[in-house]
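Asker:
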Amino acid sequence: MAGLLGVPLAVLAALTLARTRRRRGHPAPTRTAVADVGVVAGTAPWIWMILTPFDGQSGVSLFPFSDLAALASAAPATVFVQVGGNLLVFACLGALLPVRSVLFAGLARVAAVAASASLTVELLQYGLRLGRHSSIDDVLINTTGAVLAALVTRRWWRSL
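Residues in the sequence shown are numbered consecutively from 20, following this note's numbering.
(1) Under a three-way DSSP split, which group does S85 fall into?
(2) Looking at C-beta atoms only, is the number of pairs between the region 72 to 82 and the region 142 to 159 that lie closer than 8 Å three or more?
(3) Excluding sequence positions up to five away, which residues of its chain have a Cβ less than 7 Å from the Cβ of W65?
(4) Can you grab the Cα-Cα spacing for the pair V30 / T172, in whole Å?
(5) So, at 6 Å on beta carbons, what are the nonlocal neighbours of F84 in its own chain, with the 5 sequence-adjacent residues on each side left out?
(6) Looking at the structure shown, is S178 part of a helix, part of a strand, or coil, going by DSSP?
(7) Expressed to the nearest angstrom, what Euclidean distance is found between the alpha-carbon atoms of A52 and M68?
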């Protein structure tokens, strides 16, 4: 149900934001409005899910690739959900941030923003004691997902 309402609301928000920016003389009102709304609409549900308390064992993993190595013996569905989900968390951010502003038109800049955001989420998971596992591997995979998504839109943002 939320998805059915979310898309029309996102479209309405982008149109309203673009119209407001156009009236104020913004140089790229539609592009930036779509990028802003897309980043929020594509990232917020993942953050909501990640920061929802879970009835599980809290933990911290600070050694890179240790959680990924543990997934080697997991069922394919578990690997798909864990890795695929983490790749998608900041994909919209990575795809649309360079479109939003030339200040972020670079893979290193996208990686820095995504890594910072991901680290913040992991620290919140740990600090809020949500019953979730905080892992450096999640930061690495989240960042990789954002950079891969930026590569998908690279042709678009490089032409701006």
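Beta carbons are placed, not taken as given, at the ideal position from N, Cα and C, and that holds for glycine.
Answerer: In terms of the structure at hand:
(1) Here S85 sits in helix by DSSP.
(2) yes
(3) L107, V108
(4) Spanning the two alpha carbons is a distance of roughly 20 Å.
(5) none
(6) coil
(7) For the pair A52 and M68, the Cα-to-Cα distance works out to about 25 Å.
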